[in-house]
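Number of protein chains: 2
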Amino acid sequence: MPYDPSAFPAFAVTVDLVVLTVRRHALCALAVRRGEPPFKGRWALPGGFVRADEDLTAAAARELAEETGLHAHDPALPVPPNAAHLEQLATYGDPKRDPRMRVVSVAHLALAPDLPAPRPGGDAHSVRWAPVESLLDQEGAFSRDADLAAPLAFDHARILADGVERARSKIEYSSLATAFCPQEFTVGELRRVYEAVWGVALDPRNFHRKVTGTPGFLVPTGGTTTRQGGRPAQLFRAGGATLLNPPMLRPEV
Amino acid sequence: MPYDPSAFPAFAVTVDLVVLTVRRHALCALAVRRGEPPFKGRWALPGGFVRADEDLTAAAARELAEETGLHAHDPALPVPPNAAHLEQLATYGDPKRDPRMRVVSVAHLALAPDLPAPRPGGDAHSVRWAPVESLLDQEGAFSRDADLAAPLAFDHARILADGVERARSKIEYSSLATAFCPQEFTVGELRRVYEAVWGVALDPRNFHRKVTGTPGFLVPTGGTTTRQGGRPAQLFRAGGATLLNPPMLRPEV
DNA sequence: GATCATAGTCGTCTGCCTGACGATAATCAG
DNA sequence: CTGATTATCGTCAGGCAGACGACTATGATC
Chain A
1 MPYDPSAFPA
11 FAVTVDLVVL
21 TVRRHALCAL
31 AVRRGEPPFK
41 GRWALPGGFV
51 RADEDLTAAA
61 ARELAEETGL
71 HAHDPALPVP
81 PNAAHLEQLA
91 TYGDPKRDPR
101 MRVVSVAHLA
111 LAPDLPAPRP
121 GGDAHSVRWA
131 PVESLLDQEG
141 AFSRDADLAA
151 PLAFDHARIL
161 ADGVERARSK
171 IEYSSLATAF
181 CPQEFTVGEL
191 RRVYEAVWGV
201 ALDPRNFHRK
211 VTGTPGFLVP
221 TGGTTTRQGG
231 RPAQLFRAGG
241 ATLLNPPMLR
251 PEV
Chain B
1 MPYDPSAFPA
11 FAVTVDLVVL
21 TVRRHALCAL
31 AVRRGEPPFK
41 GRWALPGGFV
51 RADEDLTAAA
61 ARELAEETGL
71 HAHDPALPVP
81 PNAAHLEQLA
91 TYGDPKRDPR
101 MRVVSVAHLA
111 LAPDLPAPRP
121 GGDAHSVRWA
131 PVESLLDQEG
141 AFSRDADLAA
151 PLAFDHARIL
161 ADGVERARSK
171 IEYSSLATAF
181 CPQEFTVGEL
191 RRVYEAVWGV
201 ALDPRNFHRK
211 VTGTPGFLVP
221 TGGTTTRQGG
231 RPAQLFRAGG
241 ATLLNPPMLR
251 PEV
């Protein structure tokens with residue numbers, strides 16, 4: 001029996017990206033300003049339509065490269081210089097989430113090191129890193145950043161919150177926190193990533209003991225650096241381990 | 001500017017269900033036999049098209065009820081008798097995953113207690129519970145169950161594997177294992193759930209100490225039962241806690 | 001009714017991990 | 001040289017998990 005296209009409703013499918021990084025001790029997300037209605041002028045997550053013959057992951061990787069110049073990280077290859085971790089987050093399909101039509105959005109989560117270029121390349125429209133608490137602050141009027149006074153477009157606040165929560169929990173039991181660091185980094189830099197993502201202060205001595213004692217988490221490169229001031233610190237690369245057992249413990253309260 | 005429907009490709013959107021239960025000490029999944037090509041006669045996961053004005057979760061709950069009579073569990077309400085846990089799993093959108101057309105499937109994971117009716121109601125087509133290792137066994141010919149000789153249709157083996165892995169990890173740090181139990185259950189029954197899902201043997205004494213010592217996990221109902229033989233066991237209900245801290249530990253190896 | 005098999009429940013002990021925190025080391029700014 | 005800063009090592013006590021002994025309460029079997 002031939003396929004009957006009228007037998008099911010047609011949907012538009014998009015990918016939206018939660019791109020996170022750590023800048024100046026704060027967890028930040030990539031936001032773009034909408035140039036078209038609806039929500040014209042409001043900030044939103046980057047994203048776009050999935051093409052007719054494109055896999056979902058490929059669409060997310062394409063959007064990520066367009067907005068940031070970052071390439072999705074293929075776990076099989078050694079980490080290239082401009083690599084970001086990319087994974088599917090969740091799918092949002094409320095019938096009313098886009099007032100124009102029925103859109104199902106497959107959200108993806110990307111974790112990137114702090115980019116040397118604060119203004120990512122790509123289209124001419126406005127793109128910026130913004131601290132997630134500013135973007136999620138419901139009392140937008142009280143946000144320190146007046147430019148972010150309005151909440152995110154569509155259901156993007158919800159998507160961003162889900163992405164942040166995923167990142168917060170995933171660095172507990174995986175080595176993903178290294179995705180926020182450059183290729184070589186110090187224990188202190190890694191600790192500041194945890195502190196920024198979790199929003200807590202961690203004991204430097206216990207943290208050092210824990211991460212250096214977890215097999216496969218960190219590999220010393222031999223070099224040292226003093227870029228943080230103070231005593232020079234050893235440099236490390238991310239080791240092969242992806243799952244941490246026992247996990248890092250997020251402090252209560 | 002009005003919306004232009006030709007500006008993006010049209011997709012079909014479906015929900016597929018990984019419905020898991022524990023029967024006779026084995027983790028089992030719900031499978032339906034396909035009556036139409038492609039993959040006619042092969043086993044597949046239950047699922048169907050999302051309707052034009054239907055939320056993704058609602059579509060998954062509707063399919064679940066049609067196939068099993070189970071209702072999705074609203075966390076705000078007390079657990080009704082025929083309730084199952086339902087959550088979104090992941091979305092699968094390979095352009096070639098359905099040979100007929102471009103289909104994006106939003107897979108959901110449902111965890112249900114062992115149903116009194118071994119043959120779930122619903123449509124007249126063939127439905128059964130099958131041990132997940134039979135369904136996932138690549139060497140289908142060696143499967144003990146000759147009826148399951150062929151692999152699952154479409155990419156459903158991958159979806160099922162992802163769902164099983166999600167369930168295995170989620171019972172570590174959440175109280176979701178109780179979703180596999182009836183409303184009242186014993187510590188031993190809960191332990192057999194963990195043993196079936198993880199495929200390991202657990203020490204009854206340490207397990208008992210752990211689950212009864214975790215605040216909010218179990219609430220004694222006062223009753224006892226002897227349905228397992230041996231000394232009567234206390235009956236419990238699931239407590240209010242959803243996240244277990246510290247988590248249950250899955251044995252290595 | 002005595003015995004056995006089965007399952008549940010309570011304790012003990014030891015080792016490991018964590019959190020708290022003291023102490024020392026190596027750099028830079030004045 | 002002194003102080004500030006960061007990194008790193010060490011110590012100690014408390015808690016939790018794994019291994020496992022012991023006892024309890026039922027049904028089945030003789």
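Going down the list, the sequences are from chains A and B. Take the first sequence: its position 29, counting from 1, is numbered 29 in the UniProt record's numbering, and each next residue is one higher. Take the second sequence: its position 230, counting from 1, is numbered 230 in the UniProt record's numbering, and each next residue is one higher. Built from N, CA and C at the ideal position, the CB exists for glycine as well.
Legend entry - Reference GLU189(A), options PHE11(A), PRO9(A), PHE39(A), HIS25(A), closest by Cα: Per the Cα distances, HIS25(A).
Inset, instruction - With 8 Å as the limit, tell me which residues of the segment 42-58 of chain B have their beta carbon closer than that to any beta carbon of chain A; keep them in chain order. - result: Cβ contacts with chain A: PHE49, VAL50, ARG51, ALA52, ASP53, GLU54, ASP55, LEU56.
Inset, instruction - Rank GLY47(A), VAL211(A), GLN228(A), GLY216(A) by C-alpha distance to the C-alpha of ALA110(A) and give the top, closest one. - result: Residue GLY47(A) is the option with its Cα nearest to ALA110(A).
Inset, instruction - Show which residues of chain A have a CB atom less than 7 Å away from the CB atom of GLN88(B). - result: What GLN88(B) touches in chain A: ALA90, THR91.
Inset, instruction - Please name the residue or residues paired with SER175(B) in a DSSP beta bridge. - result: None, per the DSSP bridge assignment.
Legend entry - Touch test, the segment 58-75 of chain B against the segment 228-247 of chain A, Cβ-Cβ under 8 Å, three pairs minimum: In short, these stretches do not touch, since the Cβ pair count stays below three.
Legend entry - GLY222(B) versus ARG97(A) - alpha carbon distance: Cα to Cα, GLY222(B) sits roughly 47 Å from ARG97(A).
Legend entry - Through-space distance from ARG237(A) to ALA58(B), alpha-carbon basis: Looking at the two C-alpha atoms, the distance is approximately 45 Å.
Inset, instruction - Determine, using beta carbons only, whether PRO251(A) comes closer than 9 Å to chain B. - result: Cβ-Cβ to chain B under 9 Å: no for PRO251(A).
Inset, instruction - Output, in chain order, the set of chain A residues within a Cβ distance shorter than 8 Å of VAL106(B). - result: The CB of VAL106(B) comes closer than 8 Å to the CB of THR91, GLY93, VAL104 in chain A, given here in chain order.
Legend entry - ALA7(B) (DSSP reduced to helix, strand or coil): ALA7(B) falls in the helix class under three-state DSSP.
Legend entry - Simplified DSSP state of PHE236(A), which is helix, strand or coil: When secondary structure is reduced to three states using DSSP, PHE236(A) falls in the strand class.
Inset, instruction - Determine the burial state of GLY163(B): buried for a count of at least 16 other Cβ atoms within 10 Å of its Cβ, exposed for fewer. - result: Classification for GLY163(B): buried.
Legend entry - CB contact check: PRO9(A) to chain B, cutoff 9 Å: Using a Cβ-Cβ cut-off of 9 Å, PRO9(A) counts as an interface residue toward chain B, since at least one Cβ of chain B sits closer than that to its own.
Inset, instruction - Give the straight-line distance between the Cα atoms of LEU56(A) and MET101(B), rounded to the nearest whole angstrom. - result: Answer to the nearest angstrom: the Cα atoms are 15 Å apart.
Inset, instruction - Run the CB neighbour count on LEU249(A), radius 10 Å, all protein chains shown included, and call it buried at 16 or more, exposed below. - result: By the 10 Å Cβ count, LEU249(A) comes out exposed.
Inset, instruction - Taking only the alpha-carbon atoms, compute the straight-line gap between GLU36(A) and ALA153(A) and give it to the nearest angstrom. - result: Their Cα atoms are separated by approximately 11 Å.
Inset, instruction - Return no unless some Cβ of chain B is closer than 9 Å to the Cβ of VAL18(A). - result: Cβ-Cβ to chain B under 9 Å: no for VAL18(A).
Inset, instruction - Would you grab the beta carbon distance between PHE180(A) and VAL22(A) for me? Rounded to a whole angstrom, and I think it's under 8 Å. - result: Contact between PHE180(A) and VAL22(A) holds, since their C-beta atoms are separated by about 5 Å, short of 8 Å.
Legend entry - Proximity test, Cβ basis, 9 Å: ALA26(B) and chain A: The beta carbon of ALA26(B) sits no closer than 9 Å to any beta carbon of chain A.
Legend entry - Residue-level contact to chain A via CB, ARG12(B), 9 Å cutoff: With the sequence shown as reference, residue 12(B) is identified as Ala, and Arg is not the correct amino acid for it. Chain A contact via Cβ: present.
Inset, instruction - For the alpha helix (DSSP H) containing ARG205(B), list its first residue and its last residue. - result: Here the alpha helix (DSSP H) through ARG205(B) covers 204-213.
Inset, instruction - Find out if the Cβ-Cβ distance for the pair ALA107(A), ALA90(A) is shorter than 9 Å. - result: The beta carbons of ALA107(A) and ALA90(A) sit closer together than 9 Å.
Legend entry - Assigned secondary structure, THR224(A) (DSSP; H/G/I helix, E/B strand, else coil): DSSP places THR224(A) in strand when its eight states are reduced to three.
Legend entry - Residue range of the unbroken alpha helix (DSSP H) whose run includes GLU189(A): Start and end: 187-198.
Inset, instruction - Using alpha carbons as the reference points, say which of VAL187(A), LEU244(A), LEU115(A), ASP155(A) lies closest to SER175(A). - result: Among VAL187(A), LEU244(A), LEU115(A), ASP155(A), the Cα nearest to that of SER175(A) belongs to LEU244(A).
Legend entry - Cut-off 8 Å between Cβ atoms - residues of its own chain near LEU235(B), not counting five sequence neighbours on either side: So the list reads GLU184, PHE185, THR186, PRO220, THR221, GLY222, GLY223, THR224, THR225, once near-sequence residues are dropped.
Legend entry - alpha helix (DSSP H) segment containing ALA61(B), residue limits: For ALA61(B), the enclosing alpha helix (DSSP H) starts and ends at 56-68.
Legend entry - Identity of the residue in ILE171(A), ALA196(A), GLY199(A) nearest VAL211(A) by Cα: Cα-wise, what sits closest to VAL211(A) is ILE171(A).
Inset, instruction - Just mark ALA29(A) as buried or exposed, buried being the case when its beta carbon has 16 or more other beta carbons within 10 Å. - result: Result: buried.
Legend entry - Close Cβ partners of PHE217(A) (< 6 Å) along its chain, the five nearest in sequence each way excluded: Excluding residues within five positions, the ones whose Cβ falls inside 6 Å are SER175, VAL211, GLY239, ALA241.
Inset, instruction - Report the partner residues of LEU243(A) according to the DSSP bridge assignment. - result: DSSP lists SER174(A) as partners of LEU243(A).
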